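Asks: Handing you this structure, nothing more for now.
Number of protein chains: 2
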Amino acid sequence: MRPPHTSIVANLPAATPFVGPETLERRTNRQIELRLGANESPFGPSPLAIEAVKRVAECTQNYCDPEGYLVRQELSRQLAVPMECIVLGAGIDELLALCCRLFVEPGDVVATTLGSYPTFEYGASGIGATFSRTRYLAEAPDLEALIEAATKESAKILYLANPDNPSGAWHHADAIQWLVSRLPSDCVLLLDEAYFEFAPEAAPIDPDDPRVIRLRTFSKAHGMAGLRIAYVVAHEDHVQAINKIRFHFGVNSIAQAGALASLNDPYHVPWVVAQSAIGRLEIDEFVSHLGLRPLPSHTNFVAVDVGSKARAESILTSLLQEGVFIRKPGLPPLDGCIRITIGRPEQRERFAEVFERVLRAQ
Amino acid sequence: MRPPHTSIVANLPAATPFVGPETLERRTNRQIELRLGANESPFGPSPLAIEAVKRVAECTQNYCDPEGYLVRQELSRQLAVPMECIVLGAGIDELLALCCRLFVEPGDVVATTLGSYPTFEYGASGIGATFSRTRYLAEAPDLEALIEAATKESAKILYLANPDNPSGAWHHADAIQWLVSRLPSDCVLLLDEAYFEFAPEAAPIDPDDPRVIRLRTFSKAHGMAGLRIAYVVAHEDHVQAINKIRFHFGVNSIAQAGALASLNDPYHVPWVVAQSAIGRLEIDEFVSHLGLRPLPSHTNFVAVDVGSKARAESILTSLLQEGVFIRKPGLPPLDGCIRITIGRPEQRERFAEVFERVLRAQ
């Protein structure tokens, strides 16, 4: 007889948040030539980070520092926030799941946008949360509707990505401040800032305010998605509580060394951001020229309205047959869009070539 | 007002499973010269793994394969177990915590030995488990008492490390088979085989038996504790359920590349095991010569009985002042022991020198 699983796990669907490009390669038996689907940084990590990673490669036998001290110390300096308000995790995915465990009892409601980051929903479902989902307004998260839903449903968490994925939309610091001021008591804002480096500015950080938990990552602008390192900045009480349930040795030594080196490189991230801005303009122009509408983006990707869900899906399939991997939003009103990671110049050129051919053949 | 934490988290103690040597260095303001406290492999990873890690270091911007396909494929081949019965995790720590979420509702009992792996207790506490703890018998886990406790308390999980940590004791496959045959229905055996490579043999794997979940790691014999990669071998039903709650991108690309290369190196692990056996004999002889009693070990460490808890603690403190990091079991009957990781020959020589001096100064 099989020992039984808990009811929460037994009732979960057998779904994964994302299908990886490697799985698509195995399914189609064809190598992917252009990885422009997961908003991985085509500009790679800082050369200093590569050097640091190679150095640590010689002593992988040692456990990492479970406190992530050096990375937190440097973040503390750069963000002007006490170290006690910072905790590392193996990616925002892990930190989101920990935050859900911190605030959500089975059956509690979390408020989010319809079509937001699937891994947040995955983590929240995994502990038995229920969802209040708010539709996008003008292709951006609808802050008023989010507050209304959180209030009406007594949500324990309001999740917002700013800049948003998959739309690329960005809310000004004032709008975020407004959102925080309207949060119902007992509701915390999980502010996912995975793409903040690409936006004009970030809302100011106030670690004394226990209503907001910021999540940031080295996966995007720092070019280290493969290393799994991200961090929370929050009130010390929340950080102490996360410390009671996190995997202390989870952020590996290579990731810590790479992140520290990257933080100490003042040139790489600004260069990536500048290159991404150039690429964004180029993609905007290129798709407009083809009669398509790019959504305004403040990230390292562009969502492009191709007119209908069916067309978007068909474009994805055709591109994959040509060895080009992109993704698309799954839910209205963005489901008529495709989402293209901004590549390096030669990748953009190659993408343009394939994309134009695919579009003509539709 | 601070949004409230869940009652489970709020009631947890602010404890971490282990204090890392880096923390001790910061506390004592002295660098640790000999890391012999965490059973990290002093023989390092396979040269093929180092090479693989350096290769992947050039493309850290890409997410890992969330299916860990290549590593699972190779494990499947080597263990003669279907790929569907294998799932990767970022260390046994993560996999233990996932298994707890799979079987344990808040308030449920888990059966374990008094003094077993702190991270199992940490993970189980974190989801509200209660504990039935069984004392060691003759300095080894007491299998009969474990079964009795699991039966009496209707435990959902019986946790056993074989070989055991911190004692180093090992149970023969027949004993494990006996344990499995006596498990109460509804109780699963989490068999932590972190050190199995160092033991004379492992109990045979039967992936059709849903009563046992095996946990193995690349942290010990493979010398990759810093990379965070481990795996579960279990009935396909359990693996499918773990897939519903695990962090799909959690095992980073560097760890996957390193593990695959290490699996493809037929020489490294046997060499590490042989070197460890030599070192074990040497330590046994050396401490016996000093009038201390080494416990029989089937791992890469030796627990040494120094007579009393107070003496063990005092030795630890003195060693740390000399830049030598070891650990000790915290609970009786093993709390009069210290635990020494088997080092390389030159590390053993240096350890012997410092240890003898410390002992004389007691």
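Chains H and Z supply the protein sequences, listed in that same order.
Here the working numbering is used: the first residue of the first sequence is 1, the next is one more, and so on.
Here the working numbering is used: the first residue of the second sequence is 1001, the next is one more, and so on.
Virtual Cβ for every residue (Gly too), placed ideally from N, Cα, C.
Just so you know, these numbers come straight off a predicted model, no measurement behind them.
(1) Of the residues that make up the stretch 141-153 of chain H, which ones have a beta carbon closer than 9 Å to any beta carbon in chain Z?
(2) Taking the DSSP output, what are the residues bridged to Tyr159/H?
(3) Of the residues that make up the stretch 69-86 of chain H, which ones have a beta carbon closer than 8 Å to any beta carbon in chain Z?
(4) Would you please verify whether the beta carbon of Ala255/H is less than 8 Å from any beta carbon of chain Z?
(5) For Leu1102/Z, I'd like the list of residues in its chain whose CB is within less than 6 Å of its CB, leaving aside the five on either flank, ordered along the chain.
(6) Just to confirm, is the Cβ distance from Phe120/H to Leu95/H under 8 Å?
(7) Near Val358/H, which residues of its chain fall below 7 Å by C-beta distance, leaving aside the five closest residues on each side in sequence?
(8) Residues in the same chain with beta-carbon distance under 6 Å from Phe196/H, minus the five sequence neighbours each way, listed in chain order, please.
(9) Shorter than 8 Å from the beta carbon of Glu1121/Z to some beta carbon of chain H?
(10) Gly115/H: buried (16+ other C-beta within 10 angstroms of its C-beta) or exposed?
(11) Could you please give the first and the last residue of the uninterrupted alpha helix (DSSP H) stretch that includes Val1053/Z?
(12) At the level of alpha carbons, what is the spacing between Leu1263/Z and Ser1253/Z?
(13) Report yes if the C-beta distance between Ala1194/Z and Lys1220/Z is below 8 Å; otherwise report no.
(14) Of all the CB atoms in chain Z, is at least one closer than 8 Å to the CB of Cys64/H?
(15) If you measure between the beta carbons of Ala1049/Z and Met1224/Z, is that distance less than 8 Å?
(16) According to DSSP, what are the bridge partners of Arg214/H?
(17) If we ignore side chains and look at the alpha-carbon of each, how far apart do Thr35/H and Pro45/H end up?
(18) Would you check if the distance between the CB atom of Ala1124/Z and the CB atom of Pro1163/Z is smaller than 8 Å?
(19) Would you mind sorting His1209/Z into buried or exposed? The rule is 16 or more other CB atoms within 10 Å of its CB.
(20) Strictly under 8 Å for the Cβ-Cβ distance: is Thr341/H near chain Z by that measure?
(21) Output the boundary residues of the beta strand (DSSP E) element that contains Asp1305/Z.
(22) Whole angstroms are fine: how far does the CA of Glu1148/Z sit from the CA of Ile404/H?
(23) Thinking just about the alpha-carbon of each residue, which of Val269/H, Leu295/H, Arg293/H and Pro13/H is nearest to the one in Thr217/H?
(24) Below 6 Å CB to CB, which residues in the same chain sit around Ile1032/Z once its five sequence neighbours on both sides are set aside?
(25) Would Lys156/H and Val232/H be called neighbours here (beta carbons separated by less than 8 Å)?
(26) One question on the structure: do Pro329/H and Pro66/H come within less than 8 Å of each other, judged by their Cβ atoms?
(27) Just checking Ala1202/Z against the ligand ADP - is the residue's beta carbon closer than 7 Å to any of the ligand's heavy atoms?
(28) List the whole-angstrom C-beta distance separating Val1306/Z from Ala1090/Z, where the pair is believed to meet the contact cut-off of C-beta under 8 Å.
(29) Are the C-beta atoms of Pro163/H and some chain Z residue less than 8 Å apart?
(30) Within 8 Å (strictly less), CB to CB, does Asn1300/Z reach chain H?
(31) Within 8 Å (strictly less), CB to CB, does Pro270/H reach chain Z?
(32) Would you say the stretch 1278-1291 of chain Z touches the stretch 1336-1350 of chain Z, given that touching needs at least three Cβ pairs under 8 Å?
(33) Can you find a C-beta in chain Z that's less than 8 Å from the C-beta of Leu95/H?
(34) Quick one: does Ser185/H have its CB under 8 Å from some CB of chain Z?
(35) Measure the alpha-carbon distance for Gly336/H versus Pro47/H and round it to whole angstroms.
(36) May I have the straight-line CA-CA distance separating Cys59/H from Gly1226/Z, to the nearest angstrom?
Replies: According to the data block:
(1) none
(2) Stepping through the first sequence from its first residue, residue 159/H is reached at position 159. Answer is Leu190/H.
(3) Tyr69
(4) Position 255 of the first sequence, counting from 1, holds the residue named residue 255/H. So yes, Ala255/H belongs to the interface.
(5) Locating residue 1102/Z in the second sequence gives position 102, counting from the first residue. Ala1241, listed in sequence order.
(6) Here the question's residue 120/H lines up with position 120 in the first sequence. Here the question's residue 95/H lines up with position 95 in the first sequence. No.
(7) For the purposes of this step, residue 358/H is taken as residue 358 along the first sequence, with counting starting at 1. Only Ile315, Ser318, Leu319 and Glu322 meet the Cβ criterion.
(8) As a first step, residue 196/H must be located in the first sequence, where it is residue number 196. When the five nearest sequence neighbours on each side are left out, the beta carbons in the same chain lying within less than 6 Å of the beta carbon of Phe196/H are those of Ala202, in order along the chain.
(9) Here residue 1121/Z refers to the residue found at position 121 when the second sequence is read from its first residue. Not one chain H Cβ lies under 8 Å of Glu1121/Z.
(10) Position 115 of the first sequence, counting from 1, holds the residue named residue 115/H. Buried, because 16 or more other Cβ atoms sit within 10 Å of the Cβ of Gly115/H.
(11) The residue given as residue 1053/Z occupies position 53 in the second sequence. Unbroken alpha helix (DSSP H) run through Val1053/Z: Pro1047 to Val1056.
(12) As a working mapping, residue 1263/Z is identified with position 263 in the second sequence. As a working mapping, residue 1253/Z is identified with position 253 in the second sequence. If you take the alpha carbons of Leu1263/Z and Ser1253/Z, they lie about 15 Å apart.
(13) Position 194 of the second sequence, counted from the first residue, corresponds to residue 1194/Z. Position 220 of the second sequence, counted from the first residue, corresponds to residue 1220/Z. A contact, by the Cβ cut-off of 8 Å.
(14) By one-based count along the first sequence, residue 64/H stands at place 64. With 8 Å as the cut-off, Cys64/H counts as an interface residue toward chain Z.
(15) Position 49 of the second sequence, counting from 1, holds the residue named residue 1049/Z. Position 224 of the second sequence, counting from 1, holds the residue named residue 1224/Z. Against a cut-off of 8 Å, the Cβ pair of Met1224/Z and Ala1049/Z comes out as a contact.
(16) Counted from its first residue, the first sequence places residue 214/H at position 214. Partner(s): Leu191/H and Val233/H.
(17) For this step, residue 35/H is matched to residue 35 along the first sequence. For this step, residue 45/H is matched to residue 45 along the first sequence. Per the sequence shown, residue 35/H should be read as Arg rather than Thr. Near 16 Å, if we compare the C-alpha coordinates of Pro45/H and Arg35/H.
(18) Numbered from its first residue, the second sequence carries residue 1124/Z at position 124. Numbered from its first residue, the second sequence carries residue 1163/Z at position 163. Going by C-beta atoms, Ala1124/Z is not nearer than 8 Å to Pro1163/Z.
(19) Counted from its first residue, the second sequence places residue 1209/Z at position 209. Looking at the sequence provided, one finds Asp at residue 1209/Z rather than His. Under this definition Asp1209/Z is an exposed residue.
(20) Taking the first sequence and counting its residues from 1, the one referred to as residue 341/H is at position 341. No, because no Cβ of chain Z sits closer than 8 Å to the Cβ of Thr341/H.
(21) In the second sequence, the residue the question calls residue 1305/Z occupies position 305. First-last of the beta strand (DSSP E) with Asp1305/Z: Phe1301 to Asp1305.
(22) Because chain H here runs from 1 to 362, residue 404/H falls outside it and cannot be looked at.
(23) Numbered from 1 along the first sequence, position 217 holds the residue referred to as residue 217/H. Looking at the Cα atoms, Val269/H is the closest of the given residues.
(24) Position 32 of the second sequence, counted from the first residue, corresponds to residue 1032/Z. These residues qualify, in order along the chain: Pro1021, Glu1025, Gly1323 and Phe1325.
(25) The residue given as residue 156/H occupies position 156 in the first sequence. The residue given as residue 232/H occupies position 232 in the first sequence. No, the Cβ-Cβ distance between Lys156/H and Val232/H is not below 8 Å.
(26) Your numbering for residue 329/H matches position 329 in the first sequence. Your numbering for residue 66/H matches position 66 in the first sequence. No.
(27) Ligands in the displayed structure: none, and consequently the ligand ADP is not present.
(28) To locate residue 1306/Z, count along the second sequence from 1; it is residue 306. To locate residue 1090/Z, count along the second sequence from 1; it is residue 90. Actually they do not touch by this definition, with Cβ atoms about 35 Å apart.
(29) Looking up residue 163/H in the first sequence gives position 163. No, Pro163/H lies away from the interface with chain Z (no Cβ there is under 8 Å from its Cβ).
(30) Sequence index remark: in the second sequence, residue 1300/Z carries index 300 (1-based). So no, Asn1300/Z is outside the interface.
(31) Locating residue 270/H in the first sequence gives position 270, counting from the first residue. Not an interface residue.
(32) yes
(33) Here the question's residue 95/H lines up with position 95 in the first sequence. By this cut-off, Leu95/H is not an interface position.
(34) Taking the first sequence and counting its residues from 1, the one referred to as residue 185/H is at position 185. Closer than 8 Å: yes.
(35) By 1-based counting over the first sequence, the position of residue 336/H is 336. By 1-based counting over the first sequence, the position of residue 47/H is 47. When rounded, the distance between both Cα atoms is 38 Å.
(36) Counting from 1 along the first sequence, the entry for residue 59/H is found at position 59. Counting from 1 along the second sequence, the entry for residue 1226/Z is found at position 226. Each residue's Cα considered, the two are about 8 Å apart.
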